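Q:
In the UniProt record's numbering, the protein residues as written are 1 to 433.
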């Protein structure tokens, strides 16, 4: 078990002085989009992707529909921004990257599996996605079994640290053990000695709730009630009633878009945010999910989102790709995923998935630091070892394909039911504790 250190020891607090990353809504259909003029036409059957064909093909498996659709636009924009810069710098292995976009949907549909079939037929060497841990878990065997890299910008479930991935799964977002420690420490530091947890019942919700509960308990607080609920339920009155019966000072909400229904029920049953402190996580800290609620419903509510503050110029870069973006959750992680895949292919001198995977850790640590694809690839071509420093943070993969060090931002909602684009603070820590 991980020993949880108190605030200030395990986590270094970084003042929030620059723009933070927020969440965004969006939608779309389950269509594959070819974005490179040199892209080959899709074949009718899944190829032996592990062999490579000299052209780096990246597929995205990101939410255009479903319970995390608000995360899709910034993630796709992050990949698009990276691919644009990579191709402007001469591409990978002397050729432009081929990119296809597909919808991951969510666990209520079979969209993700169908999308993976399309991407494998289109000779994808690496697939960026999914956002949902449960969706990624449902397709990881199909992707890695084909010799293709699966690289998620947003999976946080602890399960992926030990999952059988054939060495082909990576992520730029940290496992929930760090977010859970930050959130649990925050809840206790805010004076909540009694806490209720409402968590969606899946690998993401349950795992994160476990870590929050442990951290709260280790910090001297008491989790007086925990309810792991069915996110597909039409009604959450019985779940909320269990929390109400224990009357906790703080209430932690772990879920996706169904959290709007949970919030409405909390208010209905007399547990509003101005009487009980509410806390959210990356899956439900959204600037689109609660805007139609009465003004002030979420005023003062805090939420945690993995990722360091991004520079303003990166935000402008994303808006040039998609002017409709309002928020930017996991865009840096998506941008870094695409850059790291491209750099690993260059380092391996191969677009084969297994070759890329073998070089991802190497290009992320231990060499000469560089911050853009062009800067890094020029060093590689000069025979130098590189250490890509991403927009999302230092990355530096450990043996499990997780970032060894990561940052969590703490955000707060205002009376307009949106959270500020500046985090209250950032806390950086080692994943291992």
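Idealized CB from N, CA, C, for every residue including glycine. A quick note: this is a predicted structure, and the numbers were derived from the prediction, not measured.
1) Given residue 317, which residues of its chain have a CB within under 6 Å of its CB, disregarding the five upstream and five downstream residues?
2) Cutting at 6 Å between CB atoms, please list the residues of its own chain near residue 289, excluding the five before and the five after it.
3) Only counting the same chain, and skipping five residues up and downstream in sequence, which positions put a Cβ closer than 7 Å to that of residue 353?
4) Among 120, 229 and 329, whose alpha-carbon lies nearest the alpha-carbon of residue 73?
5) Locate the alpha helix (DSSP H) running through residue 213, then write down its first and last residues.
6) So for residue 98, helix, strand or coil by DSSP?
7) May I ask you to report which of helix, strand or coil DSSP gives residue 372?
8) Is it buried or exposed for residue 66, if we count other Cβ within 10 angstroms and need 16 for buried?
9) Check for me: the alpha helix (DSSP H) holding residue 388 runs from which residue to which?
10) Spatial neighbours of residue 134 within its chain, please: CB distance less than 7 Å, with the 5 preceding and 5 following residues excluded, ordered by chain position.
11) Which full runs of the beta strand (DSSP E) of 3+ residues lie inside the region 139-182, going along the chain?
12) Mind checking whether residue 144 and residue 118 have CB atoms under 8 Å apart?
13) Could you check where the alpha helix (DSSP H) with residue 406 kicks off and where it finishes?
14) Does the distance from the CB of residue 434 to the CB of residue 227 come in under 8 Å?
15) Assign residue 259 to one of three DSSP states: helix, strand, or coil.
16) Do residue 165 and residue 351 have their CB atoms nearer than 8 Å?
17) By the 10 Å Cβ neighbour count, where 16 or more other Cβ atoms means buried, how is residue 327 classified, buried or exposed?
18) Determine contact between the region 370-390 and the region 278-286, defined as no fewer than three beta-carbon pairs at a distance below 8 Å.
19) In terms of alpha-carbon separation, which member of 395, 346 and 355 lies closest to residue 381?
20) Quick check on the DSSP output: the alpha helix (DSSP H) that includes residue 341 runs from which residue to which?
21) Could you tell me whether the region 304-322 touches the region 205-225, using the rule of 3 or more Cβ pairs below 8 Å?
22) Per the contact definition of three or more C-beta pairs closer than 8 Å, is the region 395-403 in contact with the region 292-304?
23) Counting beta carbon pairs with one atom in the region 370-381 and one in the region 263-270, are three or more of them shorter than 8 Å?
24) Using DSSP bridges, identify the partner residues of residue 328.
25) Quick one: what does DSSP say residue 354 is sitting in, helix, strand or coil?
26) Closest to residue 372 by CA distance: which of 58, 87, 76 and 94 is it?
27) For residue 313, is the classification buried or exposed, using 16 other Cβ atoms within 10 angstroms of its Cβ as the cut-off for buried?
28) Considering Cα atoms alone, identify which of 323, 77, 298 and 91 is closest to residue 500.
29) If I follow the unbroken beta strand (DSSP E) through residue 306, where does it start and stop?
30) In the DSSP output, which residue or residues are listed as bridge partners for residue 198?
A: Reading it off the structure:
1) Looking up residue 317 in the chain shown gives position 317. Result list for residue 317: 81, in chain order.
2) Taking the first residue of the chain shown as 1, we reach residue 289 at position 289. So the qualifying residues of the chain are 257 and 260.
3) Locating residue 353 in the chain shown gives position 353, counting from the first residue. By the criterion of a C-beta distance shorter than 7 Å, residue 353 is surrounded in its chain by 49, 50, 125, 126, 147, 148, 149 and 168, once the five residues flanking it on both sides are discounted.
4) One-based indexing of the chain shown puts residue 73 at position 73. Distance from the Cα of residue 73 is smallest, within the candidate group 120, 229 and 329, for 329.
5) Counted from its first residue, the chain shown places residue 213 at position 213. Start and end: 203-218.
6) Looking up residue 98 in the chain shown gives position 98. Residue 98: strand per DSSP, three-state reduction.
7) Reading the chain shown from its first residue, position 372 is the one you call residue 372. Note: residue 372 maps to coil in three-state DSSP.
8) Position 66 of the chain shown, counted from the start, is the residue given in the question as residue 66. With 16 or more other Cβ atoms within 10 Å, it is buried.
9) Translated into positions along the chain shown, residue 388 becomes position 388. Run containing residue 388: none in the alpha helix (DSSP H); it sits in the beta strand (DSSP E), 386-388.
10) Here residue 134 corresponds to residue number 134 of the chain shown, with the count starting at 1. Beyond the five residues adjoining it in sequence on each side, residue 134 comes within less than 7 Å, by CB distance, of 107, 202, 203 and 204 in the same chain, given in chain order.
11) Listed in chain order, they are 149-152 and 169-171.
12) The residue you call residue 144 lines up with position 144 of the chain shown. The residue you call residue 118 lines up with position 118 of the chain shown. Cβ atoms of residue 144 and residue 118: not closer than 8 Å.
13) Position 406 of the chain shown holds residue 406. Membership of residue 406 in any alpha helix (DSSP H) is not indicated; the residue belongs instead to the beta strand (DSSP E) covering 405-412.
14) Residue 434 is absent from the structure shown; the chain starts at 1 and stops at 433.
15) Translated into the one-based positions of the chain shown, residue 259 becomes position 259. Helix.
16) The residue given as residue 165 occupies position 165 in the chain shown. The residue given as residue 351 occupies position 351 in the chain shown. Remark: C-beta atoms of residue 165 and residue 351 do not approach each other more closely than 8 Å.
17) Numbered from 1 along the chain shown, position 327 holds the residue referred to as residue 327. Classification for residue 327: buried.
18) The region 370-390, when compared against the region 278-286, does not touch it at the 8 Å Cβ threshold.
19) The residue given as residue 381 occupies position 381 in the chain shown. Among 395, 346 and 355, the Cα nearest to that of residue 381 belongs to 346.
20) Here residue 341 refers to the residue found at position 341 when the chain shown is read from its first residue. Start and end: 331-348.
21) Result no; under three Cβ-Cβ pairs closer than 8 Å.
22) The region 292-304 vs the region 395-403: no contact.
23) Between the region 263-270 and the region 370-381, the count of Cβ pairs shorter than 8 Å is below three; the stretches do not touch.
24) Numbered from 1 along the chain shown, position 328 holds the residue referred to as residue 328. Answer is none; residue 328 lacks a bridge partner.
25) In the chain shown, residue 354 corresponds to position 354, counting from 1. Three-state DSSP puts residue 354 in a helix.
26) Taking the chain shown and counting its residues from 1, one reaches residue 372 at position 372. Out of 58, 87, 76 and 94, the CA that lies nearest to the CA of residue 372 is found in 87.
27) In the chain shown, the residue the question calls residue 313 occupies position 313. Exposed, by the Cβ-count rule.
28) One cannot answer for residue 500 here, as it falls past the ends of the chain, which runs 1 to 433.
29) Reading the chain shown from its first residue, position 306 is the one you call residue 306. In the DSSP assignment, residue 306 falls within the unbroken beta strand (DSSP E) covering 302-306.
30) Numbered from its first residue, the chain shown carries residue 198 at position 198. The partner list for residue 198 (beta bridge, DSSP) reads 227 and 253.
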